[in-house]
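Residue numbers (UniProt numbering): 1 to 255.
Glycine included, each C-beta is placed from N, C-alpha and C at the ideal position.
In this text, all values refer to a predicted model and were calculated from it rather than measured experimentally.
Only one structure is covered here, and it is reproduced in the block below.
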């Protein structure tokens, strides 16, 4: 193993241990939150709504809740880690190390994406307590899980670099990400929209994520899953490129 690879491994290990050592803060809150989601939206409302596109309502909303938990945690991990490192000035140890900018970005993004992926898996486990999951296309499910968590880990890096205080991190997560998810077809079908509302929904990247995960889990999607993968992959490449440029310029770190 090369020196650069060992350095990258060390950065990833440090970032993973940072959230693994705090399970009550990392894993317990999303589990409790999703038990409430499933109880209210799946069991209580689901019994009244019935089925959507030949699946029960609780099955219909499950993929969206998985996406919500996964991307929120991927974003939160990256943004908090970057900002906390800036705030306490220990991020300079990473920046001044022999680790290249691309490996530095990779370390933060991979660790944060892993956290999001784990949370998504845990939410699926909670879903098993309430309904059956056929896993119609597991390869698509894993692919969308990887690409969505990577995308939002990259966005989290940007958020951590531009945030000026801890309140900014909360605003980004609660008032930017979550509304996009709730208007991304999590709790309703796109078939219920028409005209401008439908067109506007197609501009929301969450629509592609939710439908992609839904296709992987249930075998149904209102958007071609291959189209969704292409759109999300392109967005991820752009975001990671922005991450690299910002680190090379020392944005938010040296200026």
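In terms of alpha-carbon separation, which member of the options lies closest to residue i?
| i | options | result |
| --- | --- | --- |
| residue 151 | 237, 111, 52, 58 | 237 |
| residue 259 | 123, 21, 111 | What the structure shows of the chain is the stretch from 1 to 255, and residue 259 is not part of that stretch, so it cannot be assessed. |
| residue 108 | 127, 201, 8, 31 | 8 |
| residue 158 | 83, 96, 114, 20 | 83 |
| residue 120 | 230, 165, 139, 149 | 149 |
| residue 52 | 189, 155, 80, 118 | 189 |
| residue 78 | 153, 133, 11, 99 | 153 |
| residue 65 | 48, 49, 33 | 33 |
| residue 135 | 48, 4, 217, 250 | 217 |
| residue 114 | 69, 126, 201, 247 | 69 |
| residue 229 | 147, 222, 199, 165 | 147 |
| residue 156 | 138, 81, 201, 245 | 81 |
| residue 36 | 19, 63, 127, 22 | 127 |
| residue 31 | 49, 244, 118, 4 | 118 |
DSSP three-state label for residue i, please.
| i | result |
| --- | --- |
| residue 186 | coil |
| residue 52 | strand |
| residue 90 | coil |
| residue 220 | coil |
| residue 253 | coil |
| residue 21 | coil |
| residue 226 | helix |
| residue 65 | helix |
| residue 27 | coil |
| residue 191 | helix |
| residue 130 | coil |
| residue 96 | coil |
| residue 197 | helix |
| residue 117 | helix |
| residue 136 | coil |
| residue 246 | helix |
| residue 204 | coil |
| residue 258 | The shown model of the chain, from 1 to 255, leaves out residue 258, and the question about it has no answer. |
Residues in its own chain within less than 8 Å of residue i by CB, not counting five upstream and five downstream?
| i | result |
| --- | --- |
| residue 180 | 204, 205, 206 |
| residue 86 | 160, 161, 252, 253 |
| residue 11 | 94, 99, 103, 104, 107, 108, 111 |
| residue 242 | 154, 158 |
| residue 221 | 211, 212, 214, 215, 228 |
| residue 43 | 58, 130 |
Sorted by chain position, which residues of the same chain lie with C-beta nearer than 7 Å to residue i's C-beta, five sequence neighbours on each side aside?
| i | result |
| --- | --- |
| residue 41 | 61, 187 |
| residue 177 | 71, 72, 75 |
Can you list, in chain order, the residues of its chain whose CB lies under 6 Å from that of residue i, leaving out five sequence neighbours each side?
| i | result |
| --- | --- |
| residue 67 | 209, 210, 213 |
| residue 225 | 140, 212, 215 |
| residue 248 | 101 |
| residue 49 | 57 |
message: I'd like to know if the stretch 185–192 and the stretch 135–155 are in contact, where contact means that at least 3 CB-CB pairs between them fall below 8 Å.
response: no
task: Decide if the stretch 68–77 is in contact with the stretch 17–35; the criterion is three or more beta carbon pairs, one per stretch, under 8 Å apart.
output: yes
message: Assess contact between the stretch 100–117 and the stretch 9–16, defined as three or more Cβ pairs (one per stretch) separated by less than 8 Å. Is contact present?
response: yes
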